[in-house]
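Protein chains in written order, with the working numbering: chain A, 520 to 763; chain B, 520 to 763. Where a beta carbon is used, it is the ideal one built from N, C-alpha and C, also for glycine. Presented below is the structure to which this report refers.
Number of protein chains: 2
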Amino acid sequence: MSKALSPEDLEVRLRAIGDERYHDKHPFHKILHGGEATKGQVQAWVLNRFCYQSAIPRKDAALISKMMDSDLRREWRSRIEDHDGRAEGEGGIERWLKLAEGVGLDRDYVKSTDGALAATKFAVEAYVHFVAEHSLLEAVASSLTELFAPAIHRARIAGLLEHYDFANETTMSYFKKRLDEAPKDVKFGLDYVLREATTAERQQAVIAALYFKTDVLWAQLDALYHAYVTPGHIPPGAFRPEDA
Amino acid sequence: MSKALSPEDLEVRLRAIGDERYHDKHPFHKILHGGEATKGQVQAWVLNRFCYQSAIPRKDAALISKMMDSDLRREWRSRIEDHDGRAEGEGGIERWLKLAEGVGLDRDYVKSTDGALAATKFAVEAYVHFVAEHSLLEAVASSLTELFAPAIHRARIAGLLEHYDFANETTMSYFKKRLDEAPKDVKFGLDYVLREATTAERQQAVIAALYFKTDVLWAQLDALYHAYVTPGHIPPGAFRPEDA
């Protein structure tokens, strides 16, 4: 077993995974943010990504179920509140549904996930299972793609506002709100990982968890690209833009 | 709730799912069986499909863990024996590794699954989790894609032998052996489902389980097609044919 990294070097190593593998490098995002996506492609992205958004509170609940300390649980619980809201009609999932309606999708159809790609669901549920089945440290580490999210959210807000008629205050509210929420979350997660991953073995587990998570995000966009950008490959049962 | 189907009509309904969704209709198989696949594409198929093959005994163990009856467990246990063998160097997984070596892959590299697509692993583990988390009836129903397998195995043996130098008695032994094993397995599974799915609700669950399983198979080929047929989309970290 190699020697453990210092917390500073571990942070550098984790940030390098973002440079190497975060889904801001995926060709689907270049199409989306560059204004080249068709209405059907935007709809497919929104309704598939809903599967991911709406699974996050389940993932976070699985994570909280591993925490023995009230202070830790309270801190992490704010993430569930951010997504589910404090009352009906609030929260990140609701804001995502506003985006879905803004791009011309039916709210109940999106919520049903009936038209989402099987590959999307497999990737999303792999994330929920990963968190449920791995250590608390690995579960927290898998959340650290948040380190890289503010840049993509800013690029997305700018790109969508510039290029698409549907983009406005209401439909962009999910991303704008995440820019407020994410810095606190990511600081807590990163501090926790740097404090707890003190051996080479734990650091390897943390690095593997973050790689895993980048795969979860990348695989969703690969599936989207294959089904809705490359012509002729929408799988049986999935959303077909001409039907929307 | 609608009326329950007769066992005969349920069987017709289940077989229709094969006509509609089984992965023998997937364009990747047309390329593979038609002799148009490159060596790298064949290798990618073999090493990704290894993830699926090697997960089947875990899936079957999860299924057996739900069986309260010794006779049922003994019957189903033969599937684990078919895949894992009765001694080292035997069984379906070993035969798949022979195929892997025959197409020029390193056995340990394939077994590591390091080069397999994340999307493949997500689909495969979704199947293992499905069986672990659903009822015994749904778990058995999800195995019924075996109803449709003999035809694809025969087409594959013929197509590979006709078109590829690597195809011979040894490398084709996995598929030939499955032609012997599958009829007994599928009869048992189908009889069980037709006997137990006596209400409309249970029949709906059985139908949904079989649809789910066709998605598991289809999504693996979509990922393979996107990564290795459409140019330029091999995801970070996955097998690259030029490195083999």
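Sequence-distant residues of the same chain with beta carbon closer than 6 Å to residue i, five excluded per side
i: D601 of chain A; result: G611 and E700
i: F685 of chain B; result: G621 and V622
i: R540 of chain B; result: T733
i: R697 of chain B; result: H672
i: T680 of chain B; result: It is Leu, not Thr, that sits at residue 680 of chain B in the sequence shown. Cβ within range, chain order: A686.
i: I550 of chain B; result: A556
i: V705 of chain B; result: E665 and L666
i: V629 of chain B; result: L566, F569 and A619
i: A674 of chain B; result: H552
Selection from the options that minimises the alpha carbon distance to residue i
i: E652 of chain A; options: B:A658, B:E657, B:K706 and B:E644; result: B:E644
i: A574 of chain B; options: B:R759, B:W595, B:E539 and B:H648; result: B:H648
i: I676 of chain B; options: B:A660, B:A658 and B:Y693; result: B:Y693
i: L743 of chain A; options: A:H548, A:F707 and A:K522; result: A:H548
i: A563 of chain B; options: B:A606, B:R596 and B:T632; result: B:T632
i: Y711 of chain A; options: A:V629, A:Y646 and A:W595; result: A:W595
i: Y646 of chain A; options: A:K558, A:Q572, A:D625 and A:V629; result: A:Q572
i: F707 of chain B; options: B:K558, B:D625 and B:D590; result: B:D590
i: E761 of chain B; options: B:D538, B:G608, B:D625 and B:K558; result: B:K558
i: S654 of chain A; options: A:S584, A:D625, A:E607 and A:S597; result: A:S584
Sub-7 Å separation of residue i and residue j beta-carbons
i: C570 of chain A; j: T664 of chain A; result: no
i: Q739 of chain A; j: A642 of chain A; result: yes
i: L566 of chain A; j: G634 of chain A; result: yes
i: S661 of chain A; j: A556 of chain A; result: no
i: L618 of chain B; j: T690 of chain B; result: yes
i: I599 of chain B; j: D627 of chain B; result: no
i: A658 of chain A; j: L582 of chain A; result: yes
i: R592 of chain B; j: M586 of chain B; result: yes
i: H741 of chain B; j: H745 of chain A; result: Residue 741 of chain B is actually Asp in this sequence, not His. Yes, the Cβ-Cβ distance between D741 of chain B and H745 of chain A is below 7 Å.
i: Y747 of chain A; j: Q560 of chain A; result: yes
i: I753 of chain B; j: D543 of chain B; result: no
i: T749 of chain B; j: T749 of chain A; result: yes
i: H552 of chain B; j: G756 of chain B; result: no
Residues near residue i in its chain [Cβ-Cβ closer than 7 Å; skip 5 each side]
i: G604 of chain B; result: G610 and E613
i: A716 of chain B; result: L529, L656, Q722 and V725
i: R532 of chain B; result: L524 and I726
i: V650 of chain A; result: K578, A581, L582, A658 and S661
i: R534 of chain B; result: L666
i: R759 of chain A; result: I753
i: P576 of chain B; result: I599, H602 and D603
i: K522 of chain B; result: A719
i: G751 of chain B; result: none
i: K695 of chain B; result: I676
Residue range of the unbroken alpha helix (DSSP H) whose run includes residue i
i: Y646 of chain A; result: A637 to E652
i: N687 of chain A; result: Unbroken run through N687 of chain A: none, as it is neither H nor E.
i: L656 of chain B; result: L655 to S661
i: Y693 of chain A; result: S692 to E715
i: Y541 of chain B; result: Unbroken run through Y541 of chain B: none, as it is neither H nor E.
i: D734 of chain B; result: A719 to Y747
i: F758 of chain A; result: Premise fails: F758 of chain A is in no alpha helix (DSSP H) and is neither H nor E.
i: A556 of chain A; result: Here A556 of chain A belongs to no alpha helix (DSSP H), and DSSP marks it neither H nor E.
i: A619 of chain A; result: G611 to G621
i: L591 of chain B; result: S589 to D603
i: S631 of chain A; result: R626 to S631
Spatial neighbours of residue i in its chain, beta-carbon cut-off 8 Å, leaving aside the 5 residues before and after
i: E530 of chain A; result: L709 and L713
i: I536 of chain B; result: I726, L729, Y730 and T733
i: P702 of chain B; result: P669
i: G554 of chain B; result: G678, E681, H682 and Y683
i: E527 of chain B; result: none
i: D588 of chain B; result: none
Contacts that residue i makes with chain C (C-beta to C-beta distance below 9 Å)
i: D633 of chain A; result: The structure shown contains no chain C; the protein chains it does contain are A and B.
Near the ligand FAD: residue i beta-carbon under 6 Å from a heavy atom
i: K732 of chain A; result: Summarising the ligand content, the structure contains no ligands, and the ligand FAD is consequently not present.
(request) Please list the residues of the segment 708 to 738 of chain A that have a C-beta atom closer than 9 Å to any C-beta atom in chain B, keeping them in chain order. (result) Y730, F731, T733, D734, V735, W737 and A738
(request) Could you run through the segment 661 to 682 of chain B and flag, in chain order, every residue whose CB is less than 9 Å away from some CB of chain A? (result) none
(message) Against chain B, which members of the segment 633 to 655 of chain A pass a CB distance test of less than 7 Å?
(response) Of all residues in the segment 633 to 655 of chain A, the ones placed with a Cβ closer than 7 Å to any Cβ belonging to chain B are A637, A638, F641, A642, E644, A645 and H648, in chain order.
(request) Give, in chain order, every residue of the segment 570 to 586 of chain A whose Cβ lies closer than 7 Å to some Cβ of chain B. (result) none
(request) Select from the segment 597 to 612 of chain A all residues with a C-beta closer than 9 Å to any C-beta belonging to chain B, and list them in chain order. (result) none
(request) Give the residues from the segment 525 to 554 of chain B that approach chain A closer than 7 Å (Cβ to any Cβ), ordered along the chain. (result) E539 and R540
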